[in-house]
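Single-structure report; data block below.
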Amino acid sequence: MTLLEGKKYNIITFGCQMNEHDSETISGMLREKGCIEVPTKEESDITIINTCSIRENADKRFFGTLGQLKKLKKKNPDYVACVCGCMMQQEHVTDAIKKKYPWVDIIFGTHNIDRFPALLENVYSEKQKVLEILDDREDIVEGLPSKRLYRHKAFVNIMYGCNNFCTYCIVPYTRGREKSRRPEDIADEVRRLVADDVKEVTLLGQNVNSYSGVRADGSSCDFADLIYILNDIEGLERIRFMTSHPKDLSDKLIQAYVDCNKLCNYIHLPVQAGSSRVLKRMNRKYSREQYLELVRKLREAVPEITISTDIIVGFPGETEEDFEETLSLVKEVHYDSAFTFLYSVRKGTPAAEYEDQIPEDIKHERFNRLVDIINEGSAAKNAQYVGRVEKVLVEGLSKKNENTLTGRTEGFKLVDFPGDKSLIGTMVDVEITEGKTFSLAGRIR
440 MTLLEGKKYN IITFGCQMNE HDSETISGML REKGCIEVPT KEESDITIIN
490 TCSIRENADK RFFGTLGQLK KLKKKNPDYV ACVCGCMMQQ EHVTDAIKKK
540 YPWVDIIFGT HNIDRFPALL ENVYSEKQKV LEILDDREDI VEGLPSKRLY
590 RHKAFVNIMY GCNNFCTYCI VPYTRGREKS RRPEDIADEV RRLVADDVKE
640 VTLLGQNVNS YSGVRADGSS CDFADLIYIL NDIEGLERIR FMTSHPKDLS
690 DKLIQAYVDC NKLCNYIHLP VQAGSSRVLK RMNRKYSREQ YLELVRKLRE
740 AVPEITISTD IIVGFPGETE EDFEETLSLV KEVHYDSAFT FLYSVRKGTP
790 AAEYEDQIPE DIKHERFNRL VDIINEGSAA KNAQYVGRVE KVLVEGLSKK
840 NENTLTGRTE GFKLVDFPGD KSLIGTMVDV EITEGKTFSL AGRIR
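Position 290, counted from 1, in the sequence shown is what my numbering calls 729; the numbers after and before it change by one each time, with no gaps.
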């Protein structure tokens, strides 16, 4: 029996799919030690907050949640409060936590997740607080357990870190330099997942297009090569990936969409801005014209492909003319969906030092105009699906109606339809009866 046997834990996750997958790993390690997951922090003996440094809203929610742990610690002195994730890789954040939130017991970063059970056992045995942050590490730890968020689909990290240094982004400083896993290790993990009834995998990386694996025989393996390898795994039905940087989107990968029947006809291709001038200041390493050419190539190769994107509004120095170029690009590409963000200063990034910051009222006004156009375009796209029959992976019950199932099409469209929960985890044919702004509705054929 370990020191952690029977301890109840709760994980609160902020941020992207990378953070979600890190939380799955933390949960898997704790379960191996005999811990029991509970749904709320109030029920737990151990609370872990996994943080995000990219989005300002996630920052605010984190500190608000962290403040709530003080009451739980006061009520139960043995309660263990832990924080991890991207924010912890920033020294000014960890310093603030140590000074203002002394009830936190463990602070660890993105490079030493595998060490967490040992850190936790040390807190219980030595009754001392632990701060362990690594700047980076060369090795990739394989074989860590994972408690998946979903039964029939899974996240698979293929690489870690980022070398792009976009001027607004803190990720290269919190996740470190790019490191790619061996393709054999990735394929072995996917086979194990398929044996555990997983039908769909999403390959994760800060920029999957720059994946650069080395095979056991020493030969190189790029991202398109990896897709071809995984496409041959028996029993796997769908392959997705997040996220894709335009500067590294190759013709070879576009051809993989044509050749690989398991690669979903969907791509998330962040543009961030429609103005070449702004893109250059962002250090995105492509122009508006180059981005539009990639979209043309994708749609020429795969006419039915769905495309989503990320857009930042109000980047320092963005003029009204620059913003109009973003609006015109959105109209030209006609995205299926888009994640839109107000630019927020990230301490430690070059853009944080730019003097031509955009006033908040202008940012919000532009943001609203952009969202209106995106939503209008999304609704029009979804309306075109009415009458079509789409193959849907049933993911679970709708949060709004327990008699309604929800799932995703190959093109990542969310679909709600009546059905029995016994269908969760299966592929079903759904006739689309309604196209809404953010989702589709249908009935099983």
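Glycine included, each C-beta is placed from N, C-alpha and C at the ideal position.
Own chain residues within Cβ distance below 7 Å of residue i, not counting five before or after
{"i": "I450", "result": "S462, I465, S466, I487, N489"}
{"i": "T606", "result": "R720, M721, N722, T788, P789, A790"}
{"i": "T872", "result": "V825, A880, G881, R882"}
{"i": "Q796", "result": "P755"}
Straight-line Cα distance separating residue j from residue i
{"i": "P611", "j": "V519", "result": "30 Å"}
{"i": "P857", "j": "E841", "result": "9 Å"}
{"i": "S878", "j": "G713", "result": "26 Å"}
{"i": "E763", "j": "V710", "result": "14 Å"}
{"i": "D811", "j": "A777", "result": "11 Å"}
{"i": "H803", "j": "L768", "result": "19 Å"}
{"i": "G753", "j": "N807", "result": "12 Å"}
{"i": "D859", "j": "S837", "result": "12 Å"}
{"i": "L570", "j": "G454", "result": "22 Å"}
{"i": "L688", "j": "Q729", "result": "11 Å"}
{"i": "N602", "j": "E870", "result": "43 Å"}
{"i": "Y696", "j": "Y667", "result": "10 Å"}
{"i": "K691", "j": "N670", "result": "15 Å"}
{"i": "Y725", "j": "F662", "result": "19 Å"}
{"i": "Q528", "j": "L844", "result": "40 Å"}
{"i": "L708", "j": "R884", "result": "32 Å"}
{"i": "S885", "j": "I609", "result": "Examination of residue 885 is not possible in this model, given that the chain is present from 440 through 884 alone."}
{"i": "T745", "j": "C703", "result": "9 Å"}
{"i": "Y650", "j": "R630", "result": "20 Å"}
{"i": "I625", "j": "P798", "result": "45 Å"}
{"i": "E530", "j": "G582", "result": "30 Å"}
{"i": "Y793", "j": "I863", "result": "50 Å"}
{"i": "E676", "j": "A740", "result": "21 Å"}
Residue environment, residue i, which counts as buried when at least 16 other CB atoms sit within 10 Å
{"i": "M580", "result": "Looking at the sequence shown, residue 580 is not Met but Val. By the 10 Å Cβ count, V580 comes out exposed."}
{"i": "P742", "result": "exposed"}
{"i": "R827", "result": "exposed"}
{"i": "G657", "result": "exposed"}
{"i": "F501", "result": "buried"}
{"i": "T748", "result": "buried"}
{"i": "Q823", "result": "exposed"}
{"i": "N700", "result": "exposed"}
{"i": "K786", "result": "exposed"}
{"i": "R805", "result": "buried"}
{"i": "F547", "result": "buried"}
{"i": "N821", "result": "buried"}
{"i": "K592", "result": "buried"}
{"i": "R847", "result": "buried"}
{"i": "T533", "result": "buried"}
{"i": "N515", "result": "exposed"}
{"i": "Q567", "result": "exposed"}
{"i": "H684", "result": "buried"}
Sequence-distant residues of the same chain with beta carbon closer than 6 Å to residue i, five excluded per side
{"i": "K480", "result": "N449, T486"}
{"i": "G674", "result": "V633"}
{"i": "K852", "result": "L879"}
{"i": "V477", "result": "K447, N449, S483"}
{"i": "L718", "result": "A712"}
{"i": "E444", "result": "G473"}
{"i": "K686", "result": "K724, Y725"}
{"i": "S715", "result": "S726, R727"}
{"i": "R470", "result": "K586"}
{"i": "T876", "result": "N814, S817, A818"}
Extent of the continuous alpha helix (DSSP H) run through residue i
{"i": "L559", "result": "555-565"}
{"i": "D749", "result": "Looking at the DSSP string, D749 is not in any alpha helix (DSSP H); the run it does join, the beta strand (DSSP E), is 745-752."}
{"i": "P611", "result": "610-614"}
{"i": "L665", "result": "662-670"}
{"i": "R630", "result": "622-634"}
{"i": "H460", "result": "456-471"}
{"i": "I812", "result": "799-822"}
{"i": "K860", "result": "Neither: K860 is in no alpha helix (DSSP H) and is coded neither H nor E."}
Residue range of the beta strand (DSSP E) that includes residue i
{"i": "I883", "result": "879-883"}
{"i": "L643", "result": "639-643"}
{"i": "D544", "result": "Careful: D544 lies outside any beta strand (DSSP E) and carries neither H nor E."}
{"i": "E617", "result": "Note, E617: premise wrong, no beta strand (DSSP E); not H, not E."}
{"i": "Y448", "result": "447-452"}
{"i": "M866", "result": "866-874"}
{"i": "R679", "result": "677-681"}
{"i": "Y705", "result": "705-707"}
{"i": "I488", "result": "485-490"}
{"i": "A695", "result": "Segment 690-698 is the alpha helix (DSSP H) holding A695; no beta strand (DSSP E) there."}
Same chain, Cβ closer than 8 Å to residue i, neighbours up to 5 away in sequence not counted
{"i": "V854", "result": "E829, V831, T845, G846, R847, T848, V869, I871, S878, L879, A880, G881"}
Stretch-stretch touch, CB-based, cutoff 8 Å, three pairs: the stretch 454-473 with the stretch 580-591: Yes, the stretch 454-473 touches the stretch 580-591.
At least three beta-carbon pairs within less than 8 Å, the stretch 727-746 to the stretch 616-635: no
Three or more C-beta pairs below 8 Å linking the stretch 508-528 and the stretch 539-559: The way I'd put it, the stretch 508-528 does touch the stretch 539-559; three or more beta-carbon pairs between them come closer than 8 Å.
Touch test, the stretch 813-826 against the stretch 770-779, Cβ-Cβ under 8 Å, three pairs minimum: yes
Contact the stretch 662-681 vs the stretch 636-650: 3+ CB pairs below 8 Å: Verdict: yes, contact present.
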